[in-house]
Each structure stands twice: as structure tokens, then as C-alpha cells.
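J.: Structure below; questions to follow.
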Amino acid sequence: MAIAIDFGTSNTVIARWNPVTQQPETITLPGLSIQQSLNPPLIPSLVYVEDANQAKILIGQQVRDRGLDLKGDTRFFRSFKRGIGADIQGFLPELDGQIVTFEQVGQWFLTEVIQQLAPLEGGLDSLVLTVPVDSFEAYRYWLGQVCQALPVEQVRMLDEPTAAALGYGLADQEILLVVDFGGGTLDLSLVQLNKSAQTNTKPVGFLLKWGNKSLAEESKQKTKTARVLAKAGQNLGGTDIDNWLVDYFTKTQGLAVSPLTTRLAERIKIQLSTQNQASEVYFDDENFESYELELNRDTLESILKEHSFFEQLDDAMANLLQQARRQGIELADINAVLLVGGTVQLPAVQTWVKQYFQPDKIRCEKPFEAIAQGALQLSQGVEIKDFLYHSYGVRYWDRRNQRHSWHSIIKAGQGYPMTQPVELVLGASLENQPSIELILGELGTETGGTEVYFDGDRLITRRLDTGVTSVKPLNDKEGARTIAQLTPPGFPGSDRIKILFQVDEQRFLRITVEDLLTNDTLLENQLVAQLS
């Protein structure tokens, strides 16, 4: 059975391919999914750790049914996806004698979902997982590691906006803009769908794990091509809006920040998607007082403006359109705009989209299901032609500014797998130098980075407009920086090693290092991500 999982910051959606109807359908997991009339079955991305040593957890609706999301308990985790692969500022909780990381919580969550899913589906042959377009490779690498332990024969990975474009199933040759705005990230992706009668000559998609099926057998499939033309993203989502609303009620009514007030703020935000005025009653069981929390759409929009919400949306759109224009694509060439994720249901977001596009181009009928259902297309013979969203670079000392800086060696926009490696030649800088070190990194935006930190028990992301490139170092640890042991030792004045940089079909950076003096190969096709 082919399954796709859209693992989201707020909610997770599971879809399967129905072999009878030849259509995707969204799955309900008894006890884990929310049963609601307006939306498809969603699994809240919540975890409560009962025993960290035994990996005994409750997830999804189980947590809410027991009221475990309303207590200020360090065993409760929400929005944990945001912390995976990020450098967290603050203390991680210690449960049952061990420090619990967000990577561990995410692994527990996905493993539990699949363990409960497999018996219902009679086993899983194929799994597709979706990822935010703005995620660093640390997140993708973590997801790949999680997949290796899953009882699934074949696992693939696909960018969420590309999956959404496939999920809407629009006509061939159309250029589609996907606005994917969920609980944790805003992702914009320009995608072109095109049916191809050509035979696929390489594995479909981005393979994480492959079972017994041969690549030769896979390569005989006829494919539909989804070509990614441009991508942009922001670490911004519905969770941030929830936190801003809590802060607003804290300031105006003196409420304490707690899981309960966060939950009420989320409910108010959801109500404002369909009505002009929203309210919730809060009972403070310590002071035995009740409060009515009220908000209207105008006040919500003022709160959004106060936090530069629309400026961040405009920045992402400007970035995307700049990439599109380099390929000769203007705003008018975009045939349809697909809105995906819970946050796109806010009228303020839909009004923002209409500043750029005519209403008849905008589609919003599948905000929750499009990603998971579109990802299933990978199991039906769709080939994704993608490119690198981030650059890769090497660190150097900038004498002029007296600080470390980064030099890009593989540019964002490079297709992968690369057909030709990028070459870099280095020499020794000291007499009798025994080795050469090199720090490699994945380069983010040049307008600033995103800081992830704790505010009480809330996991917050904050934009840093430093004007410095945000970087995720890949090998900046003791023992991992050395890429060449020199025998005999090196001397200044001549080139000593040649480094070949390559990005493979799973978009991981690999290096080969050759000693120019001895002609020895010191490293061959080494996966840099493993060094960190």
C-alpha cells in the first residue's frame, strides 16, 4: 500500500492511494485523528511523553482527550517540528533521567503514527514524506535517519509546495504558484506540471530508502514531470500568530501565558477564518475568575501589522518573483495560485494574495489535503525535477571586516544530481603543516537568519535582520574539520590538495580530496553531512 504523510507543525495529514477508485483519499486513525465536520481528518502534531526510557508516548487527539495539552507539563510537546535541526537557545527538558531533544520527539511521533497505520493498511510498501522548502539539510538528513528504522520498503521525500501543485491536479503545461502557509512555515513555490511520454532514466523523486525493487525496473515507468521553477520561504506560521494573540491578551487583560491560553488563542484565530468576531471564555482556577476573550478581524490585522507579518510575506514573494524573472516568467504568466495550509484560511492572508493576483486565479478548496494527496503522485510515476534551495560554501577569514565569512562554492538554483563537480585547490599556510582543515556550511538567506528559542515553555522563532548570511555548518566539530592529512607535511607557496564538490541525487554534499604532491586520494565521495 502506498502512503503519504504531510508531517506539519500543527497538524499531520495521511493519505493513501485507493487502487479501486485510482484516487487519493485521506485516512482517519482511530483515537489519533480529530473528527470534525468542516475539515478532513487531521492528527494534531502533539506528543505527551509518559516514559522517556521506554519511549511510551501519547500522540495526536489522545493528548487532547486526556487534557494533557492544557497543563504546564514539561512532558507535553507542541510545535516540536520547528526545533528539529535548529540550534535551540534555552534548556531542553530532562525526563526520566535523559535530555529529550526535538529530534527524538519527532522520531517518536512519526514512528507511532506508522506503527498504528501499518496494521490498518495491511503493511506499507511505499511511503512519501513531505518537507518544507526552506528546511536546511539537517532536517532532511534527520528525516532520512528516521526512515531507515521504519518497517517500510521504499521511502521518498518531496517538497511540500510541489506536492500541493500535484494535489490540485491542474492541467498540463500550467505554471502554478503554491502558497503553503501552515503552522510553522511559509513556503512559496513556482511549479510547472507537464506530462511526458519520455522514459524516465533515473530513479523517481528523492529516494531515502529502497527495497528489493530494482532501479532498472523503476526506470521503465512513463512519467509526468513536475518541474520546480522557483522557491522561497520564511520561518513563519500559524503558531507565531497564536503566540502574538496570547501576548495581546496578556497585555490587555492580564492573562498568564499558559498552554490553555495558547489553545484558546488558536481557537479564536480559527473562528476568525469564517466570522468577523470571535470569543472564548477563560476560567482562572487559581483566582476563580472568568474572562471573555474577544477579538475581531480588524484587531487581528493590527496585531499582524505590529509584528511585520505582511512585510515578511512581501519579502518572500519578492524573492520568488525575482527568481522567476531570471527565467523570463512574469507575474501575468502564472496561471493559478494554490493556497495550502491552515493559515491561508485567514481572510487577511487571502486579501494579501489578491494584491498580486486576480481572484479567479486563486484556488483554496483543499488547504489541508493537497500536500499529502499530491505526494502520492510519486508512487504513480511522477518525476520531480528540482534544484538546491540553499548554497553550499566554505568558511574563510575576512581580514577587512575582521571576522569569519563564507564563500559560496555551489550556488542555490543548481540542479541535482550534479553532472560535473566543482573544483577547489588549496595549499598549506604554515611550515611543516600536518593537515588541512576546512569548514563547510549550507548557506541560507543573506538578509538575516532565524533564531529558535524558548520563551517560558513556548518554542519561538525570531527573524534576525543582521545583514549577515545565515549558515548551518556541516562539519564544525572537533575531528570533523580535517579533510586532509599531509604526508609529507605541507609548506606554503604551492598548491597541495584538490577538492571536488558534488551534490548527489539525495541532494547531500559529497567531497573527494586528492593530494597533488603524492597523487593519493585522501577522501573519496565522502558524505559531508555525516561529519556533523
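If you read the sequence shown in my numbering, its first letter stands for residue -11, the second for the next number, and so on. C-beta: ideal position from N, C-alpha, C; glycine also. Computed from a prediction, not measured in an experiment: that's the story for all the values here.
1. Measuring straight from C-alpha to C-alpha, what distance separates Val328 and Gly155?
2. Taking just the CA atoms, how far does Ala3 sit from Phe345?
3. Buried or exposed: Trp5, going by 16 or more other Cβ atoms within 10 Å of its Cβ?
4. Per DSSP, which one or two residues make a beta bridge with Arg4?
5. Can you give me the start and stop residues for the beta strand (DSSP E) that Ile258 sits inside?
6. By DSSP, does Glu512 sit in helix, in strand, or in coil?
7. Could you compute how far the alpha carbon of Asn(-1) sits from the alpha carbon of Ser33?
8. Around the C-beta of Arg387, are 16 or more other C-beta atoms found within 10 angstroms, so that it is buried, or is it exposed?
9. Whole angstroms are fine: how far does the CA of Tyr129 sit from the CA of Ile394?
10. Could you tell me which residues DSSP pairs with His395 in its beta bridges?
11. Out of Glu109, Pro139, Leu283, Ser267, which one is the CA nearest neighbour of Thr99?
12. Going by alpha carbons, who is nearest to Gln136 out of Val166, Gln86, Gln95?
13. Answer with yes or no whether the minimum CB distance from Thr227 to chain B is below 8 Å.
14. DSSP three-state call for Val88: helix, strand or coil?
15. Distance check for Thr118 and Ala360, CA to CA, integer angstroms please.
16. Could you tell me which uninterrupted beta strand (DSSP E) segments, each at least 3 residues in length, are contained entirely in the region 103 to 159, listed from first to last along the chain?
17. Give, in chain order, every unbroken run of the alpha helix (DSSP H) that is at least 4 residues long and sits entirely within the region 14 to 77.
18. Is it right to say Val167 is buried, meaning 16 or more other beta carbons lie within 10 angstroms of its own, or is it exposed?
19. By Cβ distance below 8 Å, which residues in the same chain neighbour Gly417 in space, the five residues on each side in sequence not counted?
20. Would you kindly work out how many angstroms separate the C-alpha atoms of Asp57 and Val93, rounded to a whole number?
21. Runs of 4 residues minimum, wholly inside the region 267 to 349: which ones carry the alpha helix (DSSP H) assignment?
22. Rounded C-beta distance between Leu248 and Tyr279? I'm assuming under 8 Å.
23. Please state whether DSSP places Thr471 in a helix, a strand or coil.
24. Give the straight-line distance between the Cα atoms of Pro12 and Phe276, rounded to the nearest whole angstrom.
25. By the 10 Å Cβ neighbour count, where 16 or more other Cβ atoms means buried, how is Glu294 classified, buried or exposed?
26. Measure the Cβ-Cβ separation of Leu522 and Val382 and say whether it is below 8 Å.
27. Tell me the rounded alpha-carbon separation between Tyr411 and Thr173.
28. Asn428 lies in the alpha helix (DSSP H); which residues open and close that run?
29. Compare the beta carbon distance of Asp175 and Pro120 with 8 Å and say whether it is the shorter of the two.
30. Using the beta-carbon count (16 or more within 10 Å), is Val147 buried or exposed?
31. Got a sec? Which residues, its chain only, sit under 8 Å from Thr240 by beta carbon, not counting five neighbours each side?
32. Excluding five sequence neighbours on each side, which residues of the same chain lie with their C-beta closer than 8 Å to the C-beta of Asn27?
33. Hey, is the region 83 to 93 in contact with the region 64 to 74, meaning 3+ C-beta pairs nearer than 8 Å?
34. May I have the straight-line CA-CA distance separating Thr(-3) from Gln49, to the nearest angstrom?
35. Out of curiosity, what's the CA-to-CA distance linking Leu217 and Asn264?
36. Which residue from Val491, Arg498, Val269, Val516 puts its Cα closest to that of Asn463?
T.: Taking the coordinates as given:
1. 10 Å
2. 30 Å
3. buried
4. Ile(-9), Glu13
5. First-last for Ile258: 247 to 259, but that is the alpha helix (DSSP H), not the beta strand (DSSP E).
6. strand
7. 5 Å
8. exposed
9. The residue asked about is misnamed: residue 394 is Trp in this sequence, not Ile. Using only the alpha carbons, I get a separation of about 22 Å.
10. Val382
11. Pro139
12. Gln95
13. Among the chains in the structure shown there is no chain B, since it carries only a single protein chain.
14. coil
15. 8 Å
16. 114 to 119, 142 to 147
17. 49 to 53
18. buried
19. Strictly speaking, residue 417 in this sequence is Ser, with Gly absent from that position. Once the five neighbours on either side are set aside, the close Cβ partners of Ser417 are Pro480.
20. 15 Å
21. 285 to 294, 297 to 314, 335 to 342
22. Contact doesn't hold; Cβ gap of about 11 Å is too wide.
23. The amino acid at residue 471 is misidentified as Thr; the sequence shows Ile. Strand.
24. 49 Å
25. exposed
26. The structure shown has nothing for residue 522, since the chain only spans -11 to 520.
27. It is worth fixing the name first, because residue 411 is Glu in this sequence and not Tyr. Using only the alpha carbons, I get a separation of about 35 Å.
28. Here the sequence assigns Leu to residue 428, which means Asn is not the residue at that position. No alpha helix (DSSP H) holds Leu428; the beta strand (DSSP E) holding it covers 428 to 431.
29. yes
30. Here residue 147 is Asp; the residue named in the question, Val, does not match the sequence. Its Cβ being crowded by 16 or more others within 10 Å, Asp147 is buried.
31. none
32. Phe356
33. yes
34. 15 Å
35. 37 Å
36. Val516
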